[in-house]
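Structure record follows, encoded as C-alpha cells.
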Amino acid sequence: MVAWAPVGIEPDAEAAPNVFTLNPGNTTAAVDFVYQENTEVNSGKCTDLALTLKHAFAKLTFTLNATNYPFSAPSLSSLVVKGTPGVSTIDISNGSYSTVTDADLTVVSTVTALVLPKTAASLTLDCTLDGTSYQNIAVKDIAKLDAGANYNITINITGTEISVSGVQVPDWTAGGNGSADLK
Numbered sequence: 019m020v021a022w023a024p025v026g027i028e029p030d031a032e033a034a035p036n037v038f039t040l041n042p043g044n045t046t047a048a049v050d051f052v053y054q055e056n057t058e059v060n061s062g063k064c065t066d067l068a069l070t071l072k073h074a075f076a077k078l079t080f081t082l083n084a085t086n087y088p089f090s091a092p093s094l095s096s097l098v099v100k101g102t103p104g105v106s107t108i109d110i111s112n113g114s115y116s117t118v119t120d121a122d123l124t125v126v127s128t129v130t131a132l133v134l135p136k137t138a139a140s141l142t143l144d145c146t147l148d149g150t151s152y153q154n155i156a157v158k159d160i161a162k163l164d165a166g167a168n169y170n171i172t173i174n175i176t177g178t179e180i181s182v183s184g185v186q187v188p189d190w191t192a193g194g195n196g197s198a199d200l201k
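Quick note: the sequence shown uses my numbering, first residue 19, plus one each step.
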C-alpha cells in the first residue's frame, strides 16, 4: 500500500501508479507533497494502520534582518534562488527521485519555497531590495538539501550592505545552515 497527499495530485500514468511529477515552480508553502512508501498490509487482518508520511520537498524559509538600514523597513520585491533542482519525478513506492538538472526558482511569497532534495547544494540568490538589484549572492553553509528539512535563510542588511545567513529551524527535521554576503 502507498499513500500521498494532496489528493488532487495524480500519478503520471496507469503503467506507473507510484510515479509522480514534482515541479517546485508550481508549489507554495501551502502545497507540499507527502507520501508513504510501500507498506505490506494483510487486508484480511489489518484493523489499525499507522502511516508515516514523508515530505518529498525541502523547505527554504527567508527572513529579513535590518540593522542601521536607512529606510524604515526593507522591502524585498523579488527573490530568485539559483542552484535548486528543477522538475523531477518521485517513485513513492521506494522514495527514489529521477535525475534532474538545476533550475532557477522565483520565490513567489518571498517568505518560503519548496525545493527538491539535492545531495550537493550550491545556492545563490538574486534579489531586489528597495529598488536595488543584487545578483549571485552566495548562500553559505548549506551543503545539501534534504527532503523534509527546513532551511532558514536570513538575509542580513547592515546599512546598505546585505549578507545572507541561515539558522536551523526545528519545525521540520534539521536541515542545516546557510549564508550569503551581498556587497
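Even for Gly, the Cβ is constructed at its ideal location relative to N, Cα and C.
Sheet register partners of residue i (DSSP bridge)
i, result
"residue 156", "142"
"residue 122", "Beta-bridge pairing links residue 122 to no other residue."
"residue 114", "109"
"residue 204", "In the structure as shown, the chain starts at 19 and stops at 201, and residue 204 therefore has no counterpart that could be examined."
"residue 136", "163"
First and last residue of the uninterrupted beta strand (DSSP E) at residue i
i, result
"residue 17", "Lying outside 19 to 201, the shown extent of the chain, residue 17 is not represented and no answer is given."
"residue 49", "Looking at the DSSP string, residue 49 is not in any beta strand (DSSP E), and its letter there is neither H nor E."
8 Å CB neighbourhood of residue i in its chain, flanking five on each side removed
i, result
"residue 107", "30, 37, 38, 39, 40, 115 and 116"
"residue 91", "84"
"residue 137", "162"
Beta-carbon proximity list for residue i, same chain, < 7 Å, skipping 5 on both sides
i, result
"residue 165", "72, 73, 74, 75, 76 and 135"
"residue 104", "118, 119, 120 and 121"
"residue 43", "123"
"residue 95", "146"
"residue 176", "85 and 86"
"residue 101", "120, 139, 140, 141 and 142"
"residue 50", "73, 75 and 132"
"residue 35", "29"
"residue 148", "89, 92 and 93"
Contacts around residue i, its chain only, beta-carbon distance under 6 Å, and the 5 residues preceding and following it disregarded
i, result
"residue 98", "122, 124 and 144"
"residue 139", "160, 162 and 163"
"residue 240", "Outside the modelled stretch of the chain, which goes from 19 to 201, sits residue 240, for which no answer is possible."
"residue 153", "144"
"residue 47", "With a pLDDT of only 47 at residue 47, under the threshold of 50, the placement of this residue in the model should not be trusted, and no figure is reported."
Simplified DSSP state of residue i, which is helix, strand or coil
i, result
"residue 193", "coil"
"residue 175", "strand"
Exercise for review: Entirely within the region 74-112 and at least 3 residues each: give me those beta strand (DSSP E) ranges in chain order.
Suggested key: 76-85, 94-103 and 106-109
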